[in-house]
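Residues -26 to -1, 1 to 178 (mature numbering (1 follows the signal peptide of the UniProt record, and there is no 0)) are what the sequence shown spells out, left to right.
Where is the CB? At the ideal position from N, CA and C, for every residue including glycine.
These numbers come from a predicted model, not from an experiment.
This report concerns only the one structure given below.
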Amino acid sequence: MEDIMRTSLPVGLLVACLGMSGLALAQTAPLRNPSVQELKAALSASPAGGGLTRGFARTQPPTQDGLCTQTAPSAARSTGTRNLEVVAYAPQAAHVDLAVTFGNDSDALGASSRQMLRTLAQALKSPDLANRRFIIAGHTSDTGARERNMELSCARAIAVRRYLLQAGVAPERISAYGFGPDKPLLPHDPAADDNRRVEIRVGE
């Protein structure tokens, strides 16, 4: 019995670690009530394939496509605020999708989402993630007018970013992106509600 227990404990720990490291890689629905530990694990996970090779990184380099203009350096200058360094979107980076709720056709945060974003802010400010930068990406389903979906995805990403700043996350660590319906979580069902989400991704 002692031998079984000695061998089963490491296996159990391994399974738990694999489960946490794969959270951001195998997500099929946005998280609705994640803990600080779950968020830290997801955003610390290794990219798919165990890391980037030089050849793979060249095929999908970090990009600023989808950057919300309200958080671009030029916009910061025009409004008299401090110039912001843009965090680039890294396609292979660790990420997590959150079911952040808003008012209908609005960027007003729902009450339950405020608690989730407070938890997210705690994770982002933790020692494990304090030296990393992130992108906040808004996503919609493909229902409704495309132009409005693009506008709404940016407005919502900016609202989340604003809340995180109020919670103490440094502005140079987070940039807002909006992709509308272009990056569905469920490509086989682009109209699904789960495609309406906010993505938190390690940036460059």
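- In this structure, the beta-carbon distance from V70 to Q140 does not fall below 8 Å.
- In the DSSP assignment, F76 forms a beta bridge with L83.
- Non-local beta-carbon contacts of A133 in its own chain, meaning distances under 8 Å to residues more than five positions away in sequence, involve F76, D81, A82, L83 in chain order.
- Straight-line measurement puts the Cα of E59 at about 31 Å from the Cα of A3.
- Just so you know, the alpha carbons of K157 and P101 end up roughly 30 Å apart.
- Counting of Cβ neighbours within 10 angstroms places H113 among the buried residues, the total reaching 16 or more.
- Taking 8 Å as the cut-off, the beta carbon of L17 is found closer than this to the beta carbon of A97.
- Here the C-alpha atom of V172 lies approximately 14 Å from the C-alpha atom of S86.
- Boundaries of the alpha helix (DSSP H) around V10: 10 to 18.
- The Cβ-Cβ distance between Y137 and I109 does not fall below 8 Å.
- Using a Cβ distance threshold of 8 Å, P36 and E146 do not count as a contacting pair.
- Rounded to whole angstroms, the gap between the alpha carbons of M90 and A165 is 24 Å.
- Pairing S127 with L41 gives a Cβ-Cβ distance that is not under 8 Å.
- Just so you know, the alpha carbons of N78 and R130 end up roughly 12 Å apart.
- Scanning E12, D167, V143, K99 for the CA closest to the CA of T117 turns up D167.
- If you check the CB distance, N123 and P155 come in under 8 Å.
- Between A64 and V176, the C-beta spacing is below 8 Å.
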